[in-house]
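Last residue of the sequence shown? That's 454 in the UniProt record's numbering, and every number before it is there in order. This report refers to the structure that appears directly beneath it.
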Amino acid sequence: MMMMMMMLLPPSTQLSSEHYRNKEWNAGEGFAFLIASDINIPEQSHGRWLGLTNASTDGNAQTTSKPAIQLNCVLEWDLKVEELHPRKDWTWLKIAVGVGVPTMALLAILGFWLGIRYVNKRKRTRVEESNVLGTLKRLPGMPREFKYKELKEATNNFHESMRLGQGGFGIVYRGTLHDKDHADTKTSTEIAVKKFSRDNIKGKDDFLAELTIIHRLRHKHLVRLVGWCYEKGKLLLVYDFMPNGSVDKHLYETSSQNTLNWKHRCKILADFNARLGDFGLARALDQERNSYAELELAGVPGTMGYVAPECFHTGKATPESDVFGFGAVVLEIVCGRSPGIKILHEHHQYSLVDWVWMMHREGRIEEAIDKRLNDDYVFDEANQLLLLGLACSHPIASERPQTQAICQIIAGTTPAPSVPPFKPVFMWPSMGAAYSSTESTVSNVFLSSITVSY
Numbered sequence: 001m002m003m004m005m006m007m008l009l010p011p012s013t014q015l016s017s018e019h020y021r022n023k024e025w026n027a028g029e030g031f032a033f034l035i036a037s038d039i040n041i042p043e044q045s046h047g048r049w050l051g052l053t054n055a056s057t058d059g060n061a062q063t064t065s066k067p068a069i070q071l072n073c074v075l076e077w078d079l080k081v082e083e084l085h086p087r088k089d090w091t092w093l094k095i096a097v098g099v100g101v102p103t104m105a106l107l108a109i110l111g112f113w114l115g116i117r118y119v120n121k122r123k124r125t126r127v128e129e130s131n132v133l134g135t136l137k138r139l140p141g142m143p144r145e146f147k148y149k150e151l152k153e154a155t156n157n158f159h160e161s162m163r164l165g166q167g168g169f170g171i172v173y174r175g176t177l178h179d180k181d182h183a184d185t186k187t188s189t190e191i192a193v194k195k196f197s198r199d200n201i202k203g204k205d206d207f208l209a210e211l212t213i214i215h216r217l218r219h220k221h222l223v224r225l226v227g228w229c230y231e232k233g234k235l236l237l238v239y240d241f242m243p244n245g246s247v248d249k250h251l252y253e254t255s256s257q258n259t260l261n262w263k264h265r266c267k268i269l270a271d272f273n274a275r276l277g278d279f280g281l282a283r284a285l286d287q288e289r290n291s292y293a294e295l296e297l298a299g300v301p302g303t304m305g306y307v308a309p310e311c312f313h314t315g316k317a318t319p320e321s322d323v324f325g326f327g328a329v330v331l332e333i334v335c336g337r338s339p340g341i342k343i344l345h346e347h348h349q350y351s352l353v354d355w356v357w358m359m360h361r362e363g364r365i366e367e368a369i370d371k372r373l374n375d376d377y378v379f380d381e382a383n384q385l386l387l388l389g390l391a392c393s394h395p396i397a398s399e400r401p402q403t404q405a406i407c408q409i410i411a412g413t414t415p416a417p418s419v420p421p422f423k424p425v426f427m428w429p430s431m432g433a434a435y436s437s438t439e440s441t442v443s444n445v446f447l448s449s450i451t452v453s454y
C-alpha cells in the first residue's frame with residue numbers, strides 16, 4: 001500500500017524514494033514529502049495514513065520510528081442534528097373552507113326551512129284530522145273505528161297479492177281480522193279494505209261523502225260497511241268480504257270454459273243475489289259549478305261508461321241516471337265487454353254503446369253478443385236485452401224506460417222497446433223527443449258522422 005511521508009529538509013532538496021533509502025541527509029529547515037511503499041501500516045484500514053520520521057536540526061536522530069497518523073477518520077462527533085420538515089401546503093384547506101362553509105350554511109338554512117314546513121304540515125294534518133274525526137263521530141250510528149295498524153296487519157301490509165280491484169278513488173284489498181279478545185278460539189273475519197289513493201281535500205270529501213251515505217243505508221243488496229279509519233292523513237273504509245268476488249272477475253275470464261254461461265248472465269240481470277258497493281258516485285258537487293268545463297276540472301264521480309251524460313252538467317245522481325248505468329251493465333253482460341274500454345272496428349274506436357248502436361243500425365246486432373258463449377244462448381233473449389240496453393243508454397234522460405217497464409222486459413212479459421237505428425244526439429238542456437228523433441230534417445249522413453263523447 002502506498003503511503004505519504006513528511007520530513008524536514010532543506011528547501012532546495014529534491015528527493016525520491018532512492019534518496020530516502022541510501023543517503024545520509026544533512027539537517028535543514030522545511031518540509032519534504034515523498035511516497036514510500038515499504039511502510040507497515042495497520043491492515044484493514046479504511047482511512048489515509050500520514051507517516052512522519054524524526055530528523056532533528058542537530059543531526060541526532062534518536063529513533064528510526066515512523067509514527068503514522070490516520071487521516072480521513074472521525075473520532076468524535078459533536079453536532080446537533082435537526083430534521084427539517086417540508087413546508088406544509090395549506091391550499092387544499094383553504095379550498096375546503098371556502099367551499100364547505102357556504103355549503104354548510106346553505107344546508108343549515110335548507111334544513112331549517114324544511115323543518116318549519118314539516119312542523120306546519122303536521123299542524124295542518126292534526127287540525128284536518130281533528131275536523132274529520134269530529135264530523136265522523138258526530139254522525140249517528142257510525143260503525144267501528146279501526147286503527148291503521150290493525151288494517152295494515154290484516155292486509156299483510158297492503159300486499160299486492162291481497163289486492164281485489166281498483167275503484168274510482170282507491171284500491172280494494174282483502175284482509176283477515178283476528179279476534180284478539182278470544183285468542184284461544186282462533187276466530188277470524190274476512191274483510192275488504194278500500195284504501196283511498198288520494199289524501200288531498202278532494203279525497204277527504206269523497207271519503208266523508210261515501211262514509212256518510214253508506215252508514216245510513218241498510219239493504220240486502222248493499223255491501224255492509226264494517227268500519228272506517230282516518231289516521232295520519234290515510235283514509236280507509238272496511239266492508240264485508242264477498243267470497244264470490246265481483247261480476248267482472250267471472251265475466252271477463254279469457255277462456256270459454258270458465259266464462260259465465262247464458263243462464264247465469266240472465267239470472268244476474270233478473271234476480272241474482274248480488275250486492276253493490278262503492279258509492280263514490282253519490283258524492284255531491286259544489287252547486288256553484290254550473291259549466292261543463294268546471295265539472296270536468298272538478299272531476300265527475302263515477303266510472304266512465306256508466307255515467308249518464310247529463311251528470312257532467314248537473315253533478316247529481318237521478319233515477320234516470322241510474323237507468324243509464326243499468327243499461328251499461330246490460331250491454332256489458334250480454335257483450336262481455338267493459339263500457340269503459342274502447343272497441344276498435346274498421347280503424348275507428350267506439351265506446352260499447354256506440355258500437356252496439358252501429359251494429360243495430362246495420363242490422364247485425366247479434367254480432368255484438370259475446371263470442372265466448374259459442375252460440376250457447378237464446379237469440380230472442382239476447383236480442384231483447386241488447387235493445388233494452390240501448391234504450392236505457394238513450395242520451396236524452398226523458399226517453400229512457402221506467403224501472404217497472406225494465407223489469408217487465410227482463411221477465412219477458414213485455415216486448416223489447418223500440419230503438420231508433422241512429423243514436424240520438426245529446427243536448428243540454430234536454431229539448432225532448434221532438435228534437436232527438438232521427439226522423440228530423442237533418443240528413444242521416446250528418447247524424448252518422450257525429451261522435452258523441454261522454
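Here a beta-carbon is modelled for each residue, glycine too, at the ideal position from N, C-alpha and C.
key: Own chain residues within Cβ distance below 6 Å of E294, not counting five before or after   = Confidence in E294 is poor, its pLDDT being 38 and thus under 50, which makes the residue's placement unreliable; the coordinate value appears in the next sentence. Excluding positions up to five away in sequence, the list is empty.
Candidates K195, K147, D322, I341: which alpha carbon is nearest G170's?
K195
Start and end residues, beta strand (DSSP E) containing E231: 225-231
Next on the checklist: On the DSSP bridge list, what partners appear for A192?
Outcome noted: R174, Y239
Problem - Endpoints, beta strand (DSSP E) assigned at G325 - result: Element bounds for G325: not the beta strand (DSSP E) but the alpha helix (DSSP H), 319-335.
* Asked: Grouping DSSP H, G and I as helix and E and B as strand, with all else coil, what is I116?
  -> helix
_Range of the contiguous alpha helix (DSSP H) that encloses L386_ = 379-392
### Through-space distance from T91 to G98, alpha-carbon basis
10 Å
For this session: Under the assumption that Y306 contacts A270 (Cβ atoms under 8 Å), give the Cβ distance between them as a whole number of angstroms.
Result: Not really, about 20 Å apart at Cβ, beyond 8 Å.
Hey, how far is the Cα of R224 from the Cα of K267?
23 Å
Taking only the alpha-carbon atoms, compute the straight-line gap between R144 and G233 and give it to the nearest angstrom. 18 Å
Review point. Can you list, in chain order, the residues of its chain whose CB lies under 6 Å from that of G389, leaving out five sequence neighbours each side?
Key: G327, V330, L331
Check your understanding: Alpha carbon to alpha carbon, what distance is there between Q408 and R337?
Key -> 25 Å
Is the Cβ-Cβ distance between residue 455 and A405 less than 9 Å?
-> This structure gives no information on residue 455, because the portion of the chain shown stretches from 1 to 454.
- Where DSSP assigns a beta bridge to L344, which residues make up the other side? Q349
Where N290 and M427 are concerned, what is the direct C-alpha to C-alpha distance, given to the nearest angstrom?
-> Here the model assigns N290 a pLDDT of 36, short of 50, so the residue's position is not dependable, and the following value carries that caveat. The alpha-carbon atoms of N290 and M427 are separated by roughly 15 Å.
Taking all protein chains shown into account, do 16 or more other C-beta atoms lie within 10 angstroms of the C-beta of E310, making it buried, or fewer, making it exposed?
-> buried
Query raised in the report: Which two residues bound the contiguous beta strand (DSSP E) that contains L222?
Result: Looking at the DSSP string, L222 is not in any beta strand (DSSP E), and its letter there is neither H nor E.
Problem - Three CB pairs or more closer than 8 Å across the segment 231-245 and the segment 148-156 - result: yes
Run of the beta strand (DSSP E) containing Q402, from where it starts to where it stops = Premise fails: Q402 is in no beta strand (DSSP E) and is neither H nor E.
Short check: CB of W355 to CB of H345, under 9 Å? yes
Quiz prompt | Start and end residues, beta strand (DSSP E) containing L164 | solution = 163-166
Based on DSSP bridge pairs, tell me the residues matched to E145.
W228
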